[in-house]
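Novice:
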Amino acid sequence: MKPTLTHGFISDRDIMITVTTNIIGITTLTFPRIIAEDTSAADGWVPILIGGCIACFLAWLIAKIASSFPNQSFFNFTSYLLSKPIAVIISVLFILHFILVSSYQVREVSVLAHQYLFDKTPIQVISLSFLLVVVYGVAGSRAGIFRLIVLFYPTVIVGLLLLTLLPIGLFKLENLLPIFQTDFEGYLRASYSGVHVFLGFSIILFYIEVVKEPKNTPKMAIKGILIAVIFSLFLFLVCVGTFGNATTSNLFFPSFDLSRAVEIPGGFFERFDVIVFVIWTMILFTTTLISFDLVILLMMMLFKKANKMKLIYFLSPLVFLLSSLPVNYIELTTIGRFLSNSMLFLIILITILLGITYKVKGGNQN
Amino acid sequence: MSMRYIFTGNSNKPKNNNTNNNNSPNNKGEEFSITIEKDLAKNIETIKTMLGNPSDLVVRETKVGSTETKCAILYISGITNSDLVNNNILKAVQSSKIQSSQNKDQSNNNSNQSSNDQKNNQSNKEQSNNSQSSDNQTSSNKSMNQGTNNSQLNNDSQSQNSQSNNNNQSQNSQSGNEQSNNSQSNSTLLDQILTEVIAITDSKKVKTLDELSFALLSGNSIFILDGEQTTLIMDTVGGEKRSIDEPQSESVIRGSRVGFVENINTNLSLIRKEIKDPNLRFDIHEIGRRSKQKLAVCYVAGIVNEDILDEVNRRLKTIDIDFAPDSGVVEQWIEDSFLSPFPQILDTERPDRLTYNILQGKIGILVDGSPFGLITPITLGDALLSIEDYNQRWLLGSLLRFLRYISAFIAVFLPAIYVALIAYHPGMIPSQLTFSIAATRENVPFPAIVEVLLMAVTFEILQEAGIRMPKAIGATIGIVGGIVIGEVAVSAGIVGPATVIVTSLTGIATFTIPNNSLAMAVRVIRYALLIGASILGLYGIILVFILLAIHVVNLKSMGIPYSSPFAPYFLGDLKNLLIRAPITTLTKRPPYLKTDDIKKINDGGQSSK
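Those protein sequences? They're chains A and B, same order as listed.
Quick note, the first sequence lines up with residues 1 to 366 if you use full-length UniProt numbering.
Quick note, the second sequence lines up with residues 1 to 609 if you use full-length UniProt numbering.
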């Protein structure tokens, strides 16, 4: 068979799956803590919904603009709308952001494995081996990356459903009460964090280039976000219902600790968290893969003659070094917050810029 | 002589077309051709020299009928059916009633004379032959009137069969025409021999020594006429061949007992027998510069995706080797990634499986000399299916499939998980089990990974020895393997009993994989996972698993993603992979193949109202 066209090899459904996977991967591990910090009892569901709605709106806007430039790269349509120098600056900002995201994810996996699986193994060994697998994934074709995401999707969904359904036995209704005791400022701050949770949709800006028929992409992006919102809502409620608000806001990985509390019947596996750990590694892997691939994608847009493998060889040590920089959990949390803020800033910046110029210049003409 | 042919175009005759495509005009430019001399003796000498004067070359020089024209029949004994040569060529030529149609330089008188002679021969023979048709009698009467009896070459006319009678019959009318026009050239004599004397269906003329030698070495007989630069080749291919047997590597309980054999013509006929569709096509290629093996690409036109077909044919044309001992060589040459442990082309010994896949829109490849047909393009799931799934009721078929997937999982992951649990995460299995395993391993001096590797390698050795060993002493393997290594190794304190359980369960689970190539791949992958588990425990297993997943999603089979139908995701096809849905619901061909004809001939039982 003839090689597939360079443009447009993934379907709408693939974009939806990618959006969901990316959102779940980036923040789900830690988000119940962040939301619970600012709210009392189970009131966090309000900010999650608000955050989800805002994210849906932003995603719809971005996808609408981007999909009016079918099969054109991010750099192409931003240069068309915003002039080339600004497009370069924005691309560089995104590159820096995604490099940081990659290294943050690598560190997160290592912390998770270090904390729950083996505390004696040096953390660098864990992160390096993980990064090497990511590099192998990035070195393959981009179509392969999407296939991998689709391949892992059923496992991810089934695993996370198990994660939310199995602790039902430990669920205490009184943990959810009293309702609506959070002050307005708390809601505001939590909603701000809530938007952060769902910022993973930003990938549609860059991957719109490879979507076969981008017409339905806005709808699919919103669907993808909604799946993540519903899932996050359940996860948050189960977390708070199981641990109580105070415990949730003090656990570093509340979502993961949830699985540690569970005992599965049958008695074959003493600890359920093993199975969940497998799923978490897969999710975090796909997210890291996506952000690393976005770095490569954006850099290839800027440096048209660049060799993909050389870029990968250049970037991997950088990502590894950055991932080893944070000394403790507090620093890691700070970096996490910083990344969420920078993502939100970038998204809002690009939405406003593109939105205005799109209105002025109109859609794609060539 | 070292030129290779590339044969394109369809051949509707699966049998006896070894040489049919030799005359393809497209290839003339490539051929290495030496024209054949006019002198018969010289020709024979050339052939003998070319082949190194082999002892198995049979050269029989004789004369055509009663004429003085010399001719020779050549064949190589052992690969030729000598009965055919004796009865349908030699006897037919010697006793033919062809009038001596000489070269133009010979006198008319002479030719007239010899034609008369021949007529007389015929009448004489027919008289001596008691069983004659009325037609023959009238013709013999006619020739009786013409001249005197001449009893030349009539010694073997008694045993003449009816076939040569028929030949003579048609020659009679022909020779009548010749009388009116006496100046006949030898080329018409050759034509006449071809059309009237030779009682072999697949016969034709060739003009180059290259074609001639290829035909000779393929088991055809050669007929050379003196003073003629064109020769006849006749398909008398014979020789020993294995009879159709039950497939050794893919046995089923319910299903056909027929397996492919080494002879490609037999194999093609097996497929032809099952699909009586005029759209069934066999594209013939030739591979092996020296072996010149026939290779057939089988598909059904109108179902197959033309792009994939073109790609298969294109890749087959790039094959440039001396000899392909098995279809495995072809497989490795044309597969997408030769570095991958996964088979990207499925091998099967079963004609029914090949047929089923051809009708799914896939492409079958058969190679002469190999009892393994190839199926392409395939996906990872295909290698885990057995044709028997379709022969059982759907619930049973689905359960068996499910069982097979579980055992494939065990075959790949069990030793690695065992090592990870014992060495890194003993807290994950129930504490009682941990204690009892620890108790049995108390005397074992090795870490878990060494222990498992020892047993796994031993198992591999036993398995390999079992294949190479003569069947008569095969039982020894069972005793040595089962009792000595399993029982004694435990009591000697070299390995723990849990390791023996894990190794044997893994080994047995490997045998449930229906395809041997995939079973081999699984054996390799198992060690990669073992290494991952020994270094990083469960985390290592996950990383190696993700590595494998990345490899699989990047892998293609003839341009079709190997991970289909999971990714890209085709829900409709999963009912034919994860489970085996009832036959009536399987109405479509695999969507990832993008076949020309998407719907199978299966109306889901709608028409039976």
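Heads up, the beta-carbon is just placed ideally off N, CA and C, and yes, glycines get one too.
Mind checking Arg-242 of chain B: buried by the 16 CB within 10 Å criterion, or exposed?
Specialist: exposed
Novice: If you compare alpha carbons, which of B:Ile-387, B:Leu-209, B:Arg-404 and B:Gly-466 is closest to Ser-256 of chain B?
Specialist: B:Ile-387
Novice: When we look at the beta-carbon of Gln-124 of chain A and count the other beta-carbons within 10 Å, is it buried (16 or more) or exposed?
Specialist: Per the 10 Å Cβ criterion, exposed.
Novice: Which term fits Phe-130 of chain A, buried or exposed, when burial requires 16 or more other beta carbons within 10 angstroms of its beta carbon?
Specialist: By the 10 Å Cβ count, Phe-130 of chain A comes out buried.
Novice: Leu-354 of chain A to Pro-47 of chain A, Cα distance in whole Å?
Specialist: 27 Å
Novice: So which residues on chain A does Ala-549 of chain B lean against when the C-beta distance must stay under 8 Å?
Specialist: Leu-148, Leu-151 and Phe-152
Novice: Do you know how far the Cα of Glu-349 of chain B is from the Cα of Lys-63 of chain B?
Specialist: 48 Å
Novice: Taking 8 Å as the threshold, find out whether the stretch 239-258 of chain A comes into contact with the stretch 204-219 of chain A through three or more Cβ pairs.
Specialist: no
Novice: Touch check for the stretch 143-155 of chain A and the stretch 14-24 of chain A: three-plus C-beta pairs under 8 Å?
Specialist: yes
Novice: Identify the continuous beta strand (DSSP E) that holds Asp-336 of chain B and give its terminal residues.
Specialist: Taken as a continuous stretch (DSSP letters only), Asp-336 of chain B belongs to no beta strand (DSSP E), as it is neither H nor E.
Novice: Could you work out which residue in B:Lys-38, B:Glu-45, B:Asp-226 and B:Phe-409 is closest to Val-58 of chain B when comparing CA atoms only?
Specialist: B:Glu-45
Novice: To the nearest angstrom, how far is it from the Cα of Ser-203 of chain B to the Cα of Ile-303 of chain B?
Specialist: 34 Å
Novice: Taking 8 Å as the CB-CB cut-off, is Thr-281 of chain A touching chain B?
Specialist: yes
Novice: Would you identify the three-state DSSP class for Gln-229 of chain B, choosing helix, strand or coil?
Specialist: For Gln-229 of chain B, the three-state secondary structure derived from DSSP is coil.
Novice: Does the beta carbon of Leu-339 of chain B sit closer than 8 Å to a beta carbon anywhere in chain A?
Specialist: So no, Leu-339 of chain B is outside the interface.
Novice: Please decide whether Asp-597 of chain B counts as near chain A, where near means a Cβ-Cβ distance under 8 Å.
Specialist: no
Novice: For the alpha helix (DSSP H) containing Ile-321 of chain B, name the first residue and the last one.
Specialist: No alpha helix (DSSP H) contains Ile-321 of chain B, which DSSP labels as neither H nor E.
Novice: List in chain order: all unbroken alpha helix (DSSP H) runs of 4+ residues lying wholly within the stretch 302-352 of chain A.
Specialist: 308-324
Novice: Do Phe-9 of chain A and Lys-308 of chain A come within 8 Å of each other at the CB atom, strictly closer than that value?
Specialist: no
Novice: Is Pro-167 of chain A helix, strand or coil by DSSP?
Specialist: helix
Novice: Taking all protein chains shown into account, do 16 or more other C-beta atoms lie within 10 angstroms of the C-beta of Ala-41 of chain A, making it buried, or fewer, making it exposed?
Specialist: buried
Novice: Measuring straight from C-alpha to C-alpha, what distance separates Ala-87 of chain A and Pro-154 of chain A?
Specialist: Whole-angstrom Cα-Cα distance: 37 Å.
Novice: Compare the C-beta of Ala-261 of chain A with all C-beta atoms of chain B and state if any pair is closer than 8 Å.
Specialist: no
Novice: Can you tell me whether Met-558 of chain B is buried or exposed, with buried defined as 16 or more other CB within 10 angstroms of its CB?
Specialist: buried
Novice: So with Cβ pairs under 8 Å, would you call Tyr-405 of chain B a contact of chain A?
Specialist: no
Novice: Rounded to the nearest angstrom, how far is the Cβ of Ile-99 of chain A from that of Val-319 of chain A, given a contact under 8 Å?
Specialist: That pair is a contact at about 6 Å.
Novice: Measuring straight from C-alpha to C-alpha, what distance separates Ser-259 of chain A and Val-106 of chain A?
Specialist: 21 Å
Novice: Closest to Val-452 of chain B by C-alpha separation, out of B:Gly-486, B:Val-197 and B:Ser-291, would be which residue?
Specialist: Each of B:Gly-486, B:Val-197 and B:Ser-291 was checked against the Cα of Val-452 of chain B, and the nearest Cα belongs to B:Gly-486.
Novice: Taking the Cβ atom as the reference point for each residue, do Val-258 of chain B and Asn-267 of chain B lie within a distance shorter than 8 Å?
Specialist: no
Novice: Please name the residue or residues paired with Leu-374 of chain B in a DSSP beta bridge.
Specialist: Bridge partners of Leu-374 of chain B: B:Asp-347 and B:Ile-365.
Novice: Nearest by alpha-carbon distance to Arg-589 of chain B: which of B:Lys-600, B:Ile-579 and B:Gln-463 is it?
Specialist: The option with the nearest alpha carbon to Arg-589 of chain B is B:Lys-600.
Novice: Going by the CB atoms, is the gap between Ile-193 of chain B and Val-93 of chain B shorter than 8 Å?
Specialist: yes
Novice: Check whether the stretch 191-206 of chain A touches the stretch 28-40 of chain A, counting contact only when three or more Cβ pairs, one atom from each stretch, lie closer than 8 Å.
Specialist: Touching, per the Cβ criterion.
Novice: Do Leu-403 of chain B and Asn-515 of chain B come within 8 Å of each other at the CB atom, strictly closer than that value?
Specialist: Contact: no.
Novice: Might you give, ordered along the chain, the residues of its own chain that have their beta carbon closer than 8 Å to the beta carbon of residue 611 of chain B, omitting 5 neighbours on each side?
Specialist: One cannot answer for residue 611 of chain B here, as it falls past the ends of chain B, which runs 1 to 609.
Novice: Starting from Ile-65 of chain A, follow the alpha helix (DSSP H) in both directions and report where the run begins and ends.
Specialist: Looking at the DSSP string, the run of the alpha helix (DSSP H) that includes Ile-65 of chain A is 45-67.
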